[in-house]
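Data first, discussion second: the structure below is written as structure tokens.
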Amino acid sequence: MATKNSQPEPVAAEENSKFNFNSLNTLAVVSLATALTSIGAVAAVITGHIALAQLKTEPKSGRSLAIAGLIVGYATIAFWVVAGIGLTWLRLRYGFDGPMGIEDRMDGPMGQMGGRMEMDDDHGMGGR
Numbered sequence: 006m007a008t009k010n011s012q013p014e015p016v017a018a019e020e021n022s023k024f025n026f027n028s029l030n031t032l033a034v035v036s037l038a039t040a041l042t043s044i045g046a047v048a049a050v051i052t053g054h055i056a057l058a059q060l061k062t063e064p065k066s067g068r069s070l071a072i073a074g075l076i077v078g079y080a081t082i083a084f085w086v087v088a089g090i091g092l093t094w095l096r097l098r099y100g101f102d103g104p105m106g107i108e109d110r111m112d113g114p115m116g117q118m119g120g121r122m123e124m125d126d127d128h129g130m131g132g133r
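In case it helps, the working numbering puts the sequence shown at residues 6 to 133.
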């Protein structure tokens, strides 16, 4: 039993407390780095799965990096799929010219010519 005046024994710090980067799985780092670019989401998923498979057999660190790369990669892919479906739905609903159409956008307060341009006799552009 410890007495009131007893102090806990100090724990000696390791002499070599620096992180050994040679024990880090390279593909785990690649997975996270490519996932953060948003363009390489597919590469992040592929390298993340390969890194996890390698880490099962090798005594290296980097499992959390590989999992983070997988999560960000899958989330980015899901975002692009949802955005693509949403944009396709908007195009099908409103067409390529948007909800107002090309004619209506030109007839606003700035478009005094009604949005229609024709060639005049001098081969120049003139409004109706």
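Think of the CB as a built atom: it goes at the ideal place given N, C-alpha and C, for glycine as much as any other residue.
| Asked | Found |
| --- | --- |
| Simplified DSSP assignment, three categories, for S22 | coil |
| Alpha helix (DSSP H) segment containing S69, residue limits | R68 to Y99 |
| Assigned exposure category for A40 - 16 Cβ within 10 Å defines buried | buried |
| Limits of the unbroken alpha helix (DSSP H) element including L32 | T31 to L41 |
| Top-ranked residue by Cα proximity to A46, from A58, L95 and G74 | G74 |
| CB contact flag (A56, A33, <9 Å) | yes |
| Cβ-Cβ distance between T52 and V35 below 9 Å | yes |
| Best match in S43, S66 and I72 for proximity to S28 [C-alpha to C-alpha] | S66 |
| Exposed unless 16 or more other CB atoms sit within 10 angstroms - verdict on A80 | exposed |
| Straight-line Cα distance separating V50 from K23 | 30 Å |
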